[in-house]
Structures are given as structure tokens and as C-alpha cells.
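The opening residue of the sequence shown carries number 30 in my numbering; numbering runs sequentially from there. Don't be surprised by glycine CBs; every beta carbon is placed ideally from N, CA and C. Source: prediction; values computed, not measured.
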Amino acid sequence: MAKSLNKFSVKALTHAGEMRDLEIISISEETVALELLRAGLTPLSIKANTGNWLELLNRPIKFDAKPNLTNLAMFTEQLAEMLKAGLTVERALTVLVKQQNSKTMTELVNRLLRRLSEGSTLSTAMEAEQYLPRYLIGIVRASEQGGRMSEGLADATRYLQRQMLTRRGVINALTYPAVVFVMIMISLTFVLGFVIPEFESIFAGEEHRLPKITRLVLTLSHLVTEQGYQLLLTLIGIPVLLWISIQKNAKLKRFIAKAALRISFIRLIRYVEIANVLGVMGALIDNGVEVSESVQFAAQAASTPHIRAPLKQASTALREGVSVSVALKRTNLIPETTLSIIEVGEHTGSLGTATMRAAQLLETDSMYKIDRLITLLNPVAIALLGLMVGAVISGVMLGIMSINQMAVK
């Protein structure tokens with residue numbers, strides 16, 4: 030039975046004597062210590078996170094800014110071009126430090142320069158940066174060993190740019206439905222909280238004679254006007270409590286993650302992320318990184334443990350002699366068509382290229398299907414807004430008409 034992963038808070042020293050506060054997900058304190066030592070860090074303390082409120086309150090407040098994908102892509106692209114032009118790494122970084130518009134990136138490049146002046150390689154200098162993606166460090170290390178730094182950094186740039194565009198595409202696609210949903214909530218709150226109370230006096234004493242839909246609208250109006258704050262706290266509190274429960278219960282978390290995959294949209298989003306991971310894996314293999322290490326580095330590109338953990342198991346299986354296609358198939362993450370392309374590349378000796386091609390096709394297909402779903406979702410969201418507001422107004426009008434008809438009789 031596979032051991033469960035835990036989160037550890039770590040204090041470690043770099044070669045330059047800098048203190049680092051890290052959070053590492055691993056099986057045990059021993060494995061965390063080994064990972065730190067391999068990265069050239071000296072562990073001072075390793076503590077398992079229990080996730081209780083006291084621990085959260087006792088954590089120091091950090092203002093460390095994380096370099097975003099846009100800045101990283103620009104940095105790797107500029108560095109690749111300068112190395113291609115014949116500059117040394119140290120000279121290129123000296124020039125780049127003056128060109129960074131972001132304070133975070135300026136500080137990052139300065140730290141890299143300082144470590145290079147102390148005799149570190151670029152990959153070792155980057156390894157001490159906790160916010161830099163592990164797969165980026167893997168590509169740089171492989172490029173150093175193969176003597177093709179500019180080409181490796183160019184590959185990293187292309188991947189970072191593609192990842193950035195993919196995320197931006199998904200966010201842009203979800204923005205419109207999110208705005209419509211917010212407008213639905215604002216419109217209903219306004220109608221129930223301010224419009225309906227103006228009509229309520231018309232129905233005074235005649236509530237029992239009103240249609241059911243009118244009585245429902247009046248009940249909702251009372252709920253908003255008299256218990257609005259309690260309702261708001263409930264609507265916010267239930268999701269927060271549910272999220273905390275899910276985070277604390279690993280079995281419930283796995284169940285919900287598995288159930289969510291039945292939703293087509295969630296499944297497609299996951300395929301986009303898997304495509305990103307495969308793209309990293311292909312780039313690493315193409316730059317000369319050993320296959321099992323490529324899978325392990327690529328796993329770090331995944332944002333969830335539900336993808337990272339199976340890929341790490343696949344990396345272990347590869348070291349035991351299992352073929353790439355079989356090891357990846359055991360993860361139950363990758364579609365059959367994508368696996369078929371990778372298997373062909375494995376047999377023809379072009380695994381890196383085939384994996385990148387498979388990743389590109391999977392991403393393109395998933396994004397196309399996401400766009401189709403979003404295209405369908407937009408008019409559905411607008412129709413829902415019209416139906417909900419229309420139902421409220423209809424309830425009021427039906428109530429007025431029913432009272433008038435009874436008065437005439």
C-alpha cells in the first residue's frame with residue numbers, strides 16, 4: 030500500500046549561508062532531508078504540518094513575491110538570446126539585471142549572480158530558489174551537461190509561453206460566465222431586497238389568496254431583507270467549512286476529486302494540465318535528461334497531488350525497468366490516443382519529440398472542447414439570468430392580477 034504524502038515546513042541553509050523557509054510535500058522527514066541534501070541545502074529543522082488553526086496563526090507572515098510565468102518566460106528568452114550571441118552566463122545576467130522591470134525578478138537575478146560569482150553553476154544557483162519550477166532547473170542542468178544552454182533555454186521559453194497562453198485562455202473563457210453569475214446574484218438581491226418590498230403593502234392581509242409563486246417570492250424577499258447578513262454568512266461559511274473538511278480528510282478529498290472528473294469541463298481542464306506536464310517531460314528528454322528523472326521533474330509542473338503522485342510512481346517504475354508507455358498507462362491519467370503517440374516515439378527513438386507532439390495535440394483538442402462548452406455556457410447563463418429575474422417579476426404581477434380579479438368578483 031502506497032504511503033500517504035504529508036506537507037513539511039523546513040528551515041534550511043544554502044551554500045551562501047542564506048536562510049530558506051520552505052514547504053515540501055513528501056512521505057517522511059527522512060525523504061525530505063535527502064531531497065534537501067541533493068539540492069545542496071543544509072536542513073536545520075523539518076516539521077510536519079498538522080493543519081490546525083494554532084499552527085496557521087503561529088506561522089510568520091511572508092511577503093515573498095513569486096515570479097510569474099510572463100516574467101520567467103521573458104527572462105529565459107533574453108538569457109537564451111544573449112548566450113546564443115556569445116556572452117557568458119555571468120555577463121548575460123549582469124546585463125539582464127538592469128533590464129528587469131519587476132523588483133522580484135531584479136532580486137532573483139541578483140541572487141543568481143552572487144551564487145555564480147561564488148563558483149556555482151546556473152542550475153545549482155537556480156535550485157536554491159524555492160519559487161522556481163523544478164522542471165525549469167532540470168532543463169537548465171541538462172543543457173549545461175550537453176553544452177547547449179541557449180537551445181535548452183529556448184525550449185524552456187517555448188514551454189513557459191505555451192503554459193502562460195493556456196492559462197490565460199482558460200481564465201478568459203471562464204470570465205464571462207463568472208461575470209454573468211455575479212450579475213444574477215446582484216440582480217436578484219436588488220429585486221428581492223428593494224423592489225419587492227415596495228409591492229408588499231398591496232398584498233397585506235391577502236397573502237392566503239395569492240398564487241404559490243407569489244408567496245415564494247415574498248418569502249425570499251423577507252429572507253433577504255430581514256436575514257440578509259445571516260444568509261450571506263451561510264453562503265460564505267458553508268463552502269469554507271466544506272473546503273476545510275476536504276483538506277483535513279484525505280479519503281473525502283480523493284472521493285470528491287474522482288467524482289469531479291465525471292464533469293466534462295473538469296476533466297478537460299485536467300487534460301490541459303496533463304498536456305503541460307507531458308510538454309515538460311518531452312522537453313527534458315529532448316535536452317538529454319534521463320527518462321525517469323524527466324518524469325519526476327515533470328511531475329513538479331502539476332498543480333495537484335492527484336497528478337504528481339501517480340507520475341512519481343511512474344518514475345519509480347521506469348527505474349525498475351518498465352517501459353515508458355506502460356509506466357504512464359498505469360497512472361490512469363493519460364488518454365489512450367496520447368499514449369499511442371508516446372509509444373510510437375519510444376519505439377522509433379524519438380521519445381522527446383513524440384511526447385511534445387502528443388502534449389500539443391492533447392492540449393489543442395482539450396482547449397477546442399473547452400471553447401465549445403464555454404460557447405454553449407454563455408447563452409445558458411444569460412437565459413438563466415432572464416428566467417430567474419422574470420420568475421420574480423412574474424410572481425409579483427400574478428399576485429396583483431389575482432387580487433384584482435377577486436376584487437372585481
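Contacts around residue i, its chain only, beta-carbon distance under 6 Å, and the 5 residues preceding and following it disregarded
i	result
V61	F37, I53, S55 and I75
L101	L189
M430	none
K95	Y160
V306	A327, A330 and A331
D184	A312
L221	L249, S250 and V253
Cutoff 8 Å; reference residue i; Cβ partners in own chain excluding five residues on either side
i	result
R296	L290
V318	G167, I168, R170, A171 and F326
T243	F232, G424, V425, L427, G428 and S431
Residue i, buried or exposed, once every other Cβ within 10 Å from all chains shown has been counted against 16
i	result
Y160	exposed
T186	buried
S332	exposed
Y397	exposed
V309	buried
N278	exposed
T43	buried
F15	For the chain, the structure presents residues 30 to 438; residue 15 sits outside this window and is missing.
N316	buried
E365	exposed
Simplified DSSP state of residue i, which is helix, strand or coil
i	result
P72	strand
E52	strand
V39	strand
A77	strand
A279	helix
P226	helix
T263	helix
S131	coil
S250	helix
K95	coil
V208	helix
L85	The predicted position of L85 is uncertain, since its pLDDT is 44 and thus under 50; no value can be drawn from it.
S149	coil
Host alpha helix (DSSP H) of residue i (start-end)
i	result
E158	E158 -> no alpha helix (DSSP H), and no H or E assigned at all.
A330	No alpha helix (DSSP H) holds A330; DSSP gives it neither H nor E.
Q256	Counting along the chain, Q256 falls outside any alpha helix (DSSP H), and DSSP gives it neither H nor E.
E106	L98 to K113
L221	No alpha helix (DSSP H) contains L221, which DSSP labels as neither H nor E.
V373	E365 to T377
S354	V353 to K358
N361	No alpha helix (DSSP H) holds N361; DSSP gives it neither H nor E.
R296	S293 to D315
L66	E58 to R67
V118	V118 to L125
Within-8 Å CB hit, residue i to chain C
i	result
T186	Within the model displayed, chain C is absent; a lone protein chain is all it includes.
Same chain, Cβ closer than 7 Å to residue i, five either side skipped, listed in chain order
i	result
I90	Its pLDDT being 42, under 50, I90 is placed unreliably by the model, and the measurement read from it follows with that caveat. Cβ within range, chain order: n/a, list empty.
L357	A343, I363, L368 and I371
T150	E173
S179	A109, L112 and K113
K132	none
S354	L368, I371, E372 and E375
- prompt: Does the segment 425-432 touch the segment 224-233, meaning 3 or more C-beta pairs lie closer than 8 Å?
  reply: The answer is yes - the segment 425-432 touches the segment 224-233, with three or more Cβ pairs under 8 Å.
- prompt: Between the segment 403-421 and the segment 350-367, do at least 3 Cβ pairs fall closer than 8 Å?
  reply: No: the two stretches stay apart, fewer than three of their Cβ pairs being nearer than 8 Å.
message: Below 8 Å, how does it come out for the segment 204-220 and the segment 119-129: are there three or more Cβ pairs, yes or no?
response: The segment 204-220, when compared against the segment 119-129, does not touch it at the 8 Å Cβ threshold.
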